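In the working numbering, the protein residues as written are 70 to 372.
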Amino acid sequence: MRTLRTLAELRAALSGPRHAGQVIGLVPTMGAFHDGHLSLMRRAREECDEVVVSLFVNPTQFEDPTDLAAYRRDEHHDAVLAAAVGVDHLFAPAHEQVYPTGFATSVSVGGMSERLEGAHRGARHFDGVSTVVTKLLNMVAPQVAYFGQKDVQQTIVIKRLVRDLDLPVRIEVCPTVREPDGLAMSSRNARLFPAERTRAASLHRALLAVQAAVAAGACDPAAARTGGLEELTRAGVTPEYLELVAADTLTPVERIEGHVLAVLAATVGTTRLIDNEMIHVRPSAHAVANHQRREALTCSARC
Ligand code: AMP
Numbered sequence: 070m071r072t073l074r075t076l077a078e079l080r081a082a083l084s085g086p087r088h089a090g091q092v093i094g095l096v097p098t099m100g101a102f103h104d105g106h107l108s109l110m111r112r113a114r115e116e117c118d119e120v121v122v123s124l125f126v127n128p129t130q131f132e133d134p135t136d137l138a139a140y141r142r143d144e145h146h147d148a149v150l151a152a153a154v155g156v157d158h159l160f161a162p163a164h165e166q167v168y169p170t171g172f173a174t175s176v177s178v179g180g181m182s183e184r185l186e187g188a189h190r191g192a193r194h195f196d197g198v199s200t201v202v203t204k205l206l207n208m209v210a211p212q213v214a215y216f217g218q219k220d221v222q223q224t225i226v227i228k229r230l231v232r233d234l235d236l237p238v239r240i241e242v243c244p245t246v247r248e249p250d251g252l253a254m255s256s257r258n259a260r261l262f263p264a265e266r267t268r269a270a271s272l273h274r275a276l277l278a279v280q281a282a283v284a285a286g287a288c289d290p291a292a293a294r295t296g297g298l299e300e301l302t303r304a305g306v307t308p309e310y311l312e313l314v315a316a317d318t319l320t321p322v323e324r325i326e327g328h329v330l331a332v333l334a335a336t337v338g339t340t341r342l343i344d345n346e347m348i349h350v351r352p353s354a355h356a357v358a359n360h361q362r363r364e365a366l367t368c369s370a371r372c
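Set out below in structure tokens:
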């Protein structure tokens, strides 16, 4: 595996494979690798000829300077892990390579960037993510890029910008990798003290409680959330949000039907954690009948 520092080095390294028609896969990361990151790299390794992993702690997506300063950095260890799963190129650019002096452009995906994480971390968070991901996609020009379901809002924002800007890349979303007690792996988990680490497992239990309530027939979001909120309260965790939202737009649902996401954020001690679970509910016979009736009316109006 080669570590590349500049755009010129990156383009030179990828020019041969690109001209030979090989499939280039990109896994964008901020380092501090754990099994979640490695699962994305393994998937890219299985599906692509050349695997590029970018490692760049992007300052523009951090609203809080202390959060940025506390971000774990260990490039040497990351390089060992990436090489072990067969990554070809670690692209670890310096700040000036990504944001040269005079950099003045920002990519902003309207609407969905302001909700949930955007509302709590600051609206500029997703502008920072969108801008750096657009840059990385242009720098590497992969055919496929891999992201984790754990950061579900990020995947939705990125899919939208790829579609809106006609970027020639396929976005693949990989499942969340979890610790044995269900806690979603995150580089932030290392900051949890042992007692906090135990309490942090309540986040996933809360999501499972919401899923279970829906499986038992709850279709009202408030009713479905109750068990999840109880699970968090028992663990002494106050959520910033626990919401049921439409899986494509992230807007709150009035009734749980079709593809719905249960999304959750909470700070445990001083560490902010997020998680989500997808909930699939087949539309009720009533909703199907209504839909068919509407279709029939539209058809008879047209015919
Ligand atoms: P980060 O380094 O935190 O920016 O994450 C890089 C990529 O790894 C993002 O696409 C994340 O969604 C993904 N990722 C982080 N944690 C996990 C996890 N537990 N399971 C799967 N993917 C993850």
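All C-beta atoms, glycine included, are put in the ideal place defined by N, C-alpha and C.
Quick caveat, the model's predicted, so the values are computed rather than measured.
Are the CB atoms of residue i and residue j nearer to each other than 7 Å?
{"i": "Glu132", "j": "Arg71", "result": "no"}
{"i": "Arg111", "j": "Cys243", "result": "no"}
{"i": "Val201", "j": "Asn127", "result": "yes"}
{"i": "Gln280", "j": "Ile348", "result": "yes"}
{"i": "Leu311", "j": "Leu333", "result": "yes"}
{"i": "Leu276", "j": "Ala331", "result": "yes"}
{"i": "Arg94", "j": "Val213", "result": "A small correction: the amino acid at residue 94 is Gly; Arg does not occupy that position in the sequence shown. The answer is yes: Cβ separation under 7 Å."}
{"i": "Ala270", "j": "Leu252", "result": "yes"}
{"i": "Pro211", "j": "Val238", "result": "yes"}
{"i": "Gln218", "j": "Leu76", "result": "no"}
{"i": "Gly105", "j": "Met254", "result": "yes"}
For a test of the three-state rule: what should DSSP assign to residue i, helix, strand or coil?
{"i": "Ile225", "result": "helix"}
{"i": "Ala281", "result": "helix"}
{"i": "Leu313", "result": "strand"}
{"i": "Ser256", "result": "helix"}
{"i": "Asn345", "result": "strand"}
{"i": "Ala81", "result": "helix"}
{"i": "Pro308", "result": "strand"}
{"i": "Ser123", "result": "strand"}
{"i": "Glu241", "result": "strand"}
{"i": "Pro263", "result": "helix"}
{"i": "Phe216", "result": "strand"}
{"i": "Val154", "result": "coil"}
{"i": "Phe160", "result": "strand"}
{"i": "Gly338", "result": "coil"}
Apply the 10 Å Cβ neighbour rule to residue i and answer buried if 16 or more other Cβ atoms are within range, or exposed otherwise.
{"i": "Gln222", "result": "buried"}
{"i": "Ala192", "result": "exposed"}
{"i": "Phe172", "result": "exposed"}
{"i": "Leu234", "result": "exposed"}
{"i": "Asp344", "result": "buried"}
{"i": "Cys372", "result": "For Cys372, the predicted model reports a pLDDT of 41, less than 50, meaning its position is unreliable and no value from the coordinates is stated."}
{"i": "Glu115", "result": "exposed"}
{"i": "Glu119", "result": "buried"}
Assuming residue i and residue j make a contact with CB atoms under 8 Å, what is their CB distance in whole Å?
{"i": "Arg257", "j": "Thr340", "result": "5 Å"}
{"i": "Val156", "j": "Glu265", "result": "Not a contact, Cβ separation roughly 32 Å."}
Give a single yes or no on whether residue i has its beta carbon closer than 6 Å to a heavy atom of ligand 2.
{"i": "Asp220", "result": "Questions concerning ligand 2 fall outside what the structure shown contains, since the ligands it does hold are ligand 1."}
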